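Asker: Got a structure for you, written out below as structure tokens; questions coming shortly.
4 protein chains.
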Amino acid sequence: MKSSLGGLSVLPFASFVDLITSDQELQRELRSEPRKRLRELGIKIGTMETGLLNAITDVDGIKVGQTTIIKGQGKGAARTGVTVIFPHSGNIYEDNLFASYFDLNGWGEMTGIASLENTGLLQTPIFLTGTVNVGIVYAAAMKYLCRVNPNMGVTEEVSYPIVAECLDDDLSDTPSCPISEEDVFKAIEEAKGGPVAEGAVGGGTGMTLFDFKGGIGTSSRRTKDGYTVGVLVMANTANREELRIDGVPVGRKIQGYDYKPGNTKSIIMIAATDAPLLPFQLKKIAKRVAHGLAQTGAISHTGSGDIILAFSTANHIPKNGSVSVHAIKSVNDFNITPLYQATVEATQEAILNALTMAQTMVGRDGNTAFGIPLDQVQTIMKKYSW
Amino acid sequence: MKSSLGGLSVLPFASFVDLITSDQELQRELRSEPRKRLRELGIKIGTMETGLLNAITDVDGIKVGQTTIIKGQGKGAARTGVTVIFPHSGNIYEDNLFASYFDLNGWGEMTGIASLENTGLLQTPIFLTGTVNVGIVYAAAMKYLCRVNPNMGVTEEVSYPIVAECLDDDLSDTPSCPISEEDVFKAIEEAKGGPVAEGAVGGGTGMTLFDFKGGIGTSSRRTKDGYTVGVLVMANTANREELRIDGVPVGRKIQGYDYKPGNTKSIIMIAATDAPLLPFQLKKIAKRVAHGLAQTGAISHTGSGDIILAFSTANHIPKNGSVSVHAIKSVNDFNITPLYQATVEATQEAILNALTMAQTMVGRDGNTAFGIPLDQVQTIMKKYSW
Amino acid sequence: MKSSLGGLSVLPFASFVDLITSDQELQRELRSEPRKRLRELGIKIGTMETGLLNAITDVDGIKVGQTTIIKGQGKGAARTGVTVIFPHSGNIYEDNLFASYFDLNGWGEMTGIASLENTGLLQTPIFLTGTVNVGIVYAAAMKYLCRVNPNMGVTEEVSYPIVAECLDDDLSDTPSCPISEEDVFKAIEEAKGGPVAEGAVGGGTGMTLFDFKGGIGTSSRRTKDGYTVGVLVMANTANREELRIDGVPVGRKIQGYDYKPGNTKSIIMIAATDAPLLPFQLKKIAKRVAHGLAQTGAISHTGSGDIILAFSTANHIPKNGSVSVHAIKSVNDFNITPLYQATVEATQEAILNALTMAQTMVGRDGNTAFGIPLDQVQTIMKKYSW
Amino acid sequence: MKSSLGGLSVLPFASFVDLITSDQELQRELRSEPRKRLRELGIKIGTMETGLLNAITDVDGIKVGQTTIIKGQGKGAARTGVTVIFPHSGNIYEDNLFASYFDLNGWGEMTGIASLENTGLLQTPIFLTGTVNVGIVYAAAMKYLCRVNPNMGVTEEVSYPIVAECLDDDLSDTPSCPISEEDVFKAIEEAKGGPVAEGAVGGGTGMTLFDFKGGIGTSSRRTKDGYTVGVLVMANTANREELRIDGVPVGRKIQGYDYKPGNTKSIIMIAATDAPLLPFQLKKIAKRVAHGLAQTGAISHTGSGDIILAFSTANHIPKNGSVSVHAIKSVNDFNITPLYQATVEATQEAILNALTMAQTMVGRDGNTAFGIPLDQVQTIMKKYSW
């Protein structure tokens, strides 16, 4: 069967990659497909301005690191990785941030949430990865925390790593558990501000979205009050017919690219803002992340682990008893609606960036997730442009 | 300024009603504007079939009663009422149903939720009304329960009425608290199955939606497994520019009908199904109601009391200790996704029915909420029809 | 059968009151039994110091008002009332406080909790009353708010009254709904700082506790950091054999005073502190209120509406958009444990004060709730004193 | 300084163990101190009957496996381990049970709770361990699940392991992360019904309780309806002065045994029952576990990760879509109170069994946790016996 990639008629990818003999070659080929962010396609979501990079890193101090693992084909093929978000540029163990959590459809895993809800604090970096990697990533995260905070678990309180996952089993041979602690440390070491790689990278390497290739996506918005909201998603959810781009039912209009859905999937969504918000306000932000997901057309299937975490970088809470009373700032709830709008818009665009930036990938047993055909997307959107 | 109502060019309503001298005449005039349900305009939401009536009453046994109060003009004008939903045709006090609650943005009131969450049960009818009426409706509901269950609060457990509200202060002179217990009893007595009046009726009489006139709306869907999901909303929320109909940004395309938003608003959404669901599953249904709201474009402003209740009519739980162990049925979560889709679709259409069915209304101090111009809606939708 | 009241051998109360012909006489007689607070009996709970009054009013600014209704005997007898807590001395509508809620076993009613959880704010006085009075108290509370805040529901946001209840049906003829709006206004007008009447007063007039007479109780503690925690309970719960006073199983040791339990009962517990705490911290305080209840031996029966609200008077949050960012203080969680201990101790003692301060009461149909015999309490406690 | 152990005057343990040269000898010595369960000391909690073994394994089908790691002294000393609870005798991955979770003071970790709350199901064994082991235990648990369910993560849904922890840093050199995946598999393999080892074993090996040695404890109760409630705790919390045994303030009466508290601690509590309960009912059971903890005198300090999970073995829910509707049984809430009482009693006794069964242990850097002196406990309890 032939399929159409990027508007070109080519050999089916599964056959194509049979010709590839080395992992290096495989990675190079997989990455050769030109991909664009949604705005590069001329499509905007909403009415607010983006931040400079249109990324979660527009929230000052946030750093993102990613390790991408693409190894082998057929049985034992690995298409997985890890993405780590450092919520500020300092030592998050010593210097905590307010955070909250919303379980939209928590058929998935996010560790550390009991502690996050009890303390209202984010106390560690946030790790995103494939399902079977959670344990090893957690172990590595704990070792990292012990290393940079030698007194943790000796004379000082432990922090509980946030590790969230989606199932990358369609493309990756998950029972082989391909991630090592070194892969996690590598992501940590490479974490930086600036542009964030999107699509089939990091924790999102092996994921699918609206039955096309998905993965990591990000976006941001700025309010008139000068606050920034950034969202980063690891997107692995929803069926094609659900897909809406700015309301247009693109998923129902796209031709070709048959893909048989496997198990139900998940999406992890992280929202960050420099607006000073308290934990109960961040829970309200997290609920607007759910609104953003819904506005892409997703209905959150039963097995989809749709889990949301929101944090604010504005108030720094020291992790010790040295200060008896914290002085905190908090946006007046009467003025918070622009932050809600920013969240809804940035979430949508982050999900759609994960979609448009993800190139076609062939994984275990020849399973292929096609990058959404950008030419078709543009054609459909032009037809219904408002 | 002239404005266009239902395709006709007429005097601005605020001037128009100055000519009216009696409440009867006022009510007649206000109701003379022809309104249609969304499907009567040729617009469908989603892909699933509706129930026979496309209403919450498609769930067998559900009865709805409404009292509409339209009195006076200017200072002291009342545009309010009460809508009551009987969740089954028997005595809900003696014969409870599983239910759950989701606080999407609970800046509003729904009484009885502590009991509902603790017992997992809906034990009373559900009352929807304007904000200042909550106390009197609660008192009337309690009297009604005492009357039909003479042992309640004597030898048997009390049930706590579910009374939810939205603020109808733009059109109604709320501090005058115009509802009486008799108005509540009247709604109870008139409750029946069959078609449900929509728009500016019952609890929704004085409400606005997307800066047009809003109120009560309902819709339903049937799954291939033969289950029905029905949704009824009392809709009083969101700004015009948010409005999307099937993804089309109708709110940004409509011409004219300036309306200065007052305080932020609310929406109460009730989902019912005959599918056998447990309380934790109904909470997941309630979260899909939120998805449905989001897909109309709403972002849930800070002051909007967006509160959701979901119940299932399938398992009847007797309110006493006569049975030591209940035999219960529950849909397998692996098969629940069609109910989610049904909920998302029915919620959207219920909200949009509240919008298209609500006629223009002039309330206190000449404040006017215009019915959304159906001709413009149709024109815009045709332009972008997929 | 003779029974022993306060150490004196008297006629059974049910016969005794048959001799009484007027409500005034009835009230006088019922109040003639000498009662004492726990500390007046020489019993202390815990190790921390109490506030000056050992009452919730030790938290600066808190005012309590109570209307007690004792009317008639037999059928139609009323033993009910309302207790109102003003959380500070200003206008709580304009000047909100952080608050949170914990549903320990919410088979009861507390209105206004959706709004409280969404905003993190207490925006109205707190009303405690008998079950069937909730509607009328809510309506009166709303009228009161409209009166002192004429723009509420017109140009300003509505606040949703907190009205909580326990079932006083054993002593009061509840279906007769004996409370009027005037009774509520009276409690509001009489609210004041200083000592708080305890036992069979206000909302607690008709309640029972550990199968003895219960009602309103209060206590407070001061931490070494100079913070005060005050607790006020409306206590109507638990069976006699559960009762522990400072660990001693007093309920199992008391002789006589047979009382047939009616329906299961409830307890509403309100904790206040002048320590600056955020909503998520107040939820943790509320959970320690549950610990305090447990340490009295209560197991929280199925039908007991055990509902807890906690608020802090330290941060005042204006109810409007005039301030874009609030400056807030918050106790460091590393230093919060003394507030937990204060809460556990004050809750226990508040419950026990409700018990020891409540005099014997005869209600509808001659139903009699005996005041716990203080002489027996003292004798038992002395035997096991540590 | 000399201290009194088990009624005998001996050398301080820290010196004592200096004489020990091998790990085998160390383990033998540490275990030589005679310990007893609470009932063997003649002390009963509550009034209900225990199950046959007075252990969680009285709930039919439950199996417990434990690996205890005691290695080295001084720097690098390991006093840790893992305890695994199999909730039934079959394959819990394929055959799920209803469960719920209560975060009493979640400054700790329990993985898998998003999934547990979303599905209402326990889908894996429950693992209890020391804090730094969570990652490796999670990884091993996932491997175990993949091994016994080869299609997991390939054609079938993943289950998310429940791994909960307390910090054993006072006795164990936690940053050295001494547990291996083999240790976890060993606990899994050795899991069995019957008596459960208590005290300093398994996950509880290095833990302290009321400033004495703590660890694993268990207890059970039977209701008159023939249901069993079993509780197993990993107890590592509270200060000595809080300790109450059946209400007697034993902690304040014990002489000697100075112990300087380190960081604040945690307690994980698992309740199981064969009574058919739905998830929302199991949450109510979990809240009574908190009552049981409170009745031991604990106030749940700020840093204590007090996390509770409750499950029912009565309804088996297959983990696939083969059955469209489950037939389920559920205890009538009107008859549930005896299960609450059973839970409160069993929790208390499980905690106290962890205390009385735990022998003195010397850990890293000579840190010593003394077994509570049983002779003093008995003497104190006799003095205040009721």
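Residue numbers (this note's numbering), protein chains in the order written: chain A, 287 to 672; chain B, 287 to 672; chain C, 287 to 672; chain D, 287 to 672.
We put the CB at the ideal spot given by N, CA and C, even for glycine.
Predicted model, so just to flag it, every value in this text is computed and none were measured.
1. May I ask you to list, following chain order, the residues of the stretch 608-622 of chain C that have a beta carbon less than 9 angstroms from some beta carbon of chain A?
2. In the DSSP assignment, find the unbroken beta strand (DSSP E) run with residue 424 of chain C in it and report its ends.
3. According to DSSP, which residues form a beta bridge with residue 498 of chain A?
4. Determine whether the beta carbon atoms of residue 514 of chain B and residue 345 of chain B lie at a separation below 9 angstroms.
5. For residue 439 of chain A, decide whether its Cβ has a neighbour in chain C, counting only Cβ atoms nearer than 9 angstroms.
6. Assign residue 672 of chain B to buried or exposed, taking buried as 16 or more other Cβ atoms, counted over all protein chains shown, within 10 Å of its Cβ.
7. Could you tell me the distance, in whole angstroms, from the CA atom of residue 398 of chain B to the CA atom of residue 386 of chain B?
8. Do you know how far the Cα of residue 496 of chain D is from the Cα of residue 644 of chain D?
9. For residue 470 of chain A, which three-state DSSP category applies?
10. Taking the beta strand (DSSP E) that residue 389 of chain B belongs to, which residues open and close that run?
11. Sorted by chain position, which residues of the same chain lie with C-beta nearer than 8 angstroms to residue 463 of chain A's C-beta, five sequence neighbours on each side aside?
12. Would you say the stretch 593-608 of chain D touches the stretch 552-563 of chain C, given that touching needs at least three Cβ pairs under 8 angstroms?
13. State yes or no: is the beta carbon of residue 559 of chain D nearer than 9 angstroms to at least one beta carbon in chain B?
14. Classify residue 442 of chain A as helix, strand or coil using the three-state DSSP reduction.
15. What does residue 585 of chain A touch in chain B if you count any residue whose Cβ is under 8 angstroms from its own?
16. Going straight from the alpha carbon of residue 580 of chain A to that of residue 670 of chain A, what length do you get?
17. Identify the contact partners of residue 565 of chain C in chain A, using a Cβ-Cβ distance below 8 angstroms as the criterion.
18. For residue 577 of chain A, which three-state DSSP category applies?
19. Any beta-carbon of chain D closer than 9 angstroms to the one on residue 457 of chain A?
20. Give a yes or no on whether the minimum CB-CB distance between residue 335 of chain C and chain A is below 9 angstroms.
21. With a threshold of 8 angstroms, are at least 3 pairs of Cβ atoms found where one atom belongs to the stretch 488-505 of chain C and the other to the stretch 517-524 of chain C?
22. Take residue 667 of chain C and list the residues in its own chain whose beta-carbon comes closer than 8 angstroms to its own, dropping the five residues that flank it on each side.
23. What residues from the stretch 507-530 of chain C come within 9 angstroms of chain A, judged by C-beta to C-beta, listed N to C?
24. List, in order along the chain, the chain A residues whose C-beta lies closer than 9 angstroms to that of residue 535 of chain B?
25. Check whether the Cβ atoms of residue 400 of chain D and residue 396 of chain A lie closer than 9 angstroms to each other.
26. Where are the alpha helix (DSSP H) runs, 4 residues long or more, that stay fully inside the stretch 570-632 of chain D, in chain order?
27. Looking at C-alpha atoms only, which residue of B:415, B:479, B:416 is the closest neighbour of residue 372 of chain B?
28. At least one CB of chain B closer than 9 angstroms to the CB of residue 340 of chain C: is that the case?
29. Measuring CA to CA, which of B:642, B:489, B:578 is closest to residue 633 of chain B?
30. According to the Cβ coordinates, are residue 240 of chain A and residue 353 of chain A closer than 9 angstroms?
31. Cβ closer than 7 angstroms: which chain D residues qualify as neighbours of residue 405 of chain B?
32. Residues in the stretch 418-436 of chain C with C-beta within 8 angstroms of chain B's C-beta atoms, listed in sequence order?
33. Closer than 8 angstroms, Cβ to Cβ, to anything on chain B: give me those residues from the stretch 387-401 of chain A, in chain order.
34. Which first and last residues belong to the beta strand (DSSP E) in which residue 349 of chain B is found?
35. Span of the alpha helix (DSSP H) holding residue 400 of chain A?
36. From residue 477 of chain D to residue 650 of chain C, what does the alpha carbon distance come to, in whole angstroms?
Answerer: Taking the structure as given:
1. 608, 609, 610, 611, 612, 613, 614, 615, 616, 617, 618, 619, 620, 621
2. Per DSSP, residue 424 of chain C belongs to no beta strand (DSSP E); it is in the alpha helix (DSSP H), 420-434.
3. A:495
4. yes
5. It does not: the Cβ of residue 439 of chain A has no partner Cβ on chain C nearer than 9 angstroms.
6. exposed
7. 11 angstroms
8. 12 angstroms
9. Three-state result, residue 470 of chain A: helix.
10. It spans 381-392 - the beta strand (DSSP E) in which residue 389 of chain B sits, taken as one unbroken run.
11. 418, 419, 422
12. no
13. no
14. In the three-state DSSP reduction, residue 442 of chain A falls in the strand class (E or B).
15. At a C-beta separation below 8 angstroms, residue 585 of chain A has these neighbours in chain B: 574, 577, 623, 626, 627, 630.
16. 20 angstroms
17. 564, 565, 566
18. helix
19. no
20. no
21. Contact holds: three or more Cβ-Cβ distances are below 8 angstroms.
22. 327, 328, 329, 531, 532, 534, 536
23. If you check each beta-carbon in the stretch 507-530 of chain C against every beta-carbon of chain A, the ones closer than 9 angstroms belong to 511.
24. Correct list: 532, 533, 672.
25. yes
26. The DSSP assignment places no complete alpha helix (DSSP H) segment of no fewer than 4 residues inside the stretch 570-632 of chain D.
27. B:479
28. no
29. B:578
30. No information on residue 240 of chain A is available, as it lies outside the stretch 287 to 672 that chain A covers here.
31. Near residue 405 of chain B (Cβ distances below 7 angstroms), the residues of chain D are 619.
32. 418, 420, 421, 422, 423, 424, 425, 426, 427, 428, 429, 432, 436
33. 390, 391
34. Its beta strand (DSSP E) spans residues 349-357.
35. Unbroken alpha helix (DSSP H) run through residue 400 of chain A: 399-405.
36. Each residue's Cα considered, the two are about 59 angstroms apart.
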